[in-house]
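Structure, as structure tokens:
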Amino acid sequence: MNIQEFDFELPEELIAQHAVNPRDHSKLLVLNKEKKEIEHKRFYNIIDYLKKDDVLVLNRTKVIPARLYGHKENGTVLECFLLKRYDLYTWEVLLKPAKRLKMGQKIIFSEGLLEAELVEIKEDGNRVLKFSFQGNFEEILDKLGEMPVPPYISEKLEDRSRYQTVYAKEGESVAAPTAGLHFTEELLEKIKEKGVIIAEVFLDVGLGTFRPVQTENILEHKMHSEKYKVPKETVKIVNDAKKKGNRVIAVGTTSVRTLE
11 MNIQEFDFEL
21 PEELIAQHAV
31 NPRDHSKLLV
41 LNKEKKEIEH
51 KRFYNIIDYL
61 KKDDVLVLNR
71 TKVIPARLYG
81 HKENGTVLEC
91 FLLKRYDLYT
101 WEVLLKPAKR
111 LKMGQKIIFS
121 EGLLEAELVE
131 IKEDGNRVLK
141 FSFQGNFEEI
151 LDKLGEMPVP
161 PYISEKLEDR
171 SRYQTVYAKE
181 GESVAAPTAG
191 LHFTEELLEK
201 IKEKGVIIAE
211 VFLDVGLGTF
221 RPVQTENILE
231 HKMHSEKYKV
241 PKETVKIVND
251 AKKKGNRVIA
261 VGTTSVRTLE
């Protein structure tokens with residue numbers, strides 16, 4: 011299967027650079043299978059397509075401000091993109107420009123607050139850094155890091171909360187499970203009141219979300235791995251729904267592949 015079979019034109023002016031406010035006023039495209047028609051709605055209309063005893067599965071991962079900017083002792087500026095945590099101090103990262111940092115050399119992100127040493131170079135070009143810091147790493151990251159918005163968003167993200175679902179709970183995603191960004195707390199409450207059962211899964215979205223396919227044959231493309239968790243309660247809810255013939259509706263591709 012050739013990658014060119016998936017090419018299509020998308021004019022840049024049609025790529026929204028700012029989120030709609032409130033969230034649930036985003037556009038919703040509905041394919042009416044009975045009428046064989048495409049309908050244009052607003053996201054809050056999704057409640058009209060849900061019914062009692064449906065199971066709605068949400069990925070409750072949390073996005074971290076994974077992009078950091080630092081410099082070597084000689085002043086060379088480096089961009090560090092956190093990919094995967096190994097332990098409290100060690101992360102696999104994407105470094106730019108990667109070749110500027112040699113084994114054993116350090117990056118200074120904030121003098122005396124956060125530094126990192128290069129301890130390993132992976133086969134795929136990713137780097138492994140060992141961090142040293144004063145205080146709580148998550149709090150430091152929140153202070154120094156930037157949200158890793160997709161490459162097609164050129165505008166600076168002014169409000170971090172807009173790249174986080176309202177139901178984000180835990181995890182270390184480097185990208186948002188974007189299908190869930192359109193839910194508001196009020197809309198979720200109305201969905202529950204309708205008798206829809208909400209279940210949770212956790213999948214930390216990885217760099218593969220941003221990384222383009224670079225092979226002509228898509229079957230040769232190497233997919234990255236991602237960490238996920240399905241609570242026992244969710245397993246029971248989903249299995250019970252399937253036995254009863256009720257619908258299980260996954261919000262977004264991350265929820266789909268977690269269930270798979």
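Residue numbering for the sequence shown is 11 to 270, as defined by our numbering. By construction, the Cβ of each residue, glycine as well, lies at the ideal position given by its N, Cα and C atoms.
Here His35 has Arg52 as same chain residues with Cβ atoms under 6 Å from its own Cβ, once five neighbours each way along the sequence are excluded.
Residue range 124-131 is occupied by the beta strand (DSSP E) that includes Ala126.
Contact check for Pro187 against Thr264 passes: the beta carbons are separated by less than 8 Å.
The shortest C-alpha to C-alpha distance from Ser235 to any of His81, Leu93, Met11, Pro32 is the one to Leu93. DSSP places Thr194 in the coil class of the three-state scheme, outside both helix and strand.
Around the CB of Phe18, fewer than 16 other CB atoms lie within 10 Å, so the residue is classed as exposed.
Under the Cβ criterion (8 Å, minimum of three pairs), the region 63-78 counts as touching the region 152-163. Ranking Ile56, Val40, Ile57 by CA distance to the CA of His50 puts Val40 first.
Ranked by Cα distance from Asp58, the options Asn136, Lys46, Leu104, Lys204 are led by Lys204. DSSP places Phe18 in the coil class of the three-state scheme, outside both helix and strand.
Annotated three-state conformation of His35 is helix, per DSSP.
Sequence-distant Cβ neighbours of Leu167 in its own chain, meaning closer than 8 Å and more than five residues away, are Glu156, Met157, Val159, Tyr173. For Tyr177 and Arg70, the gap between their C-alpha atoms comes out near 6 Å.
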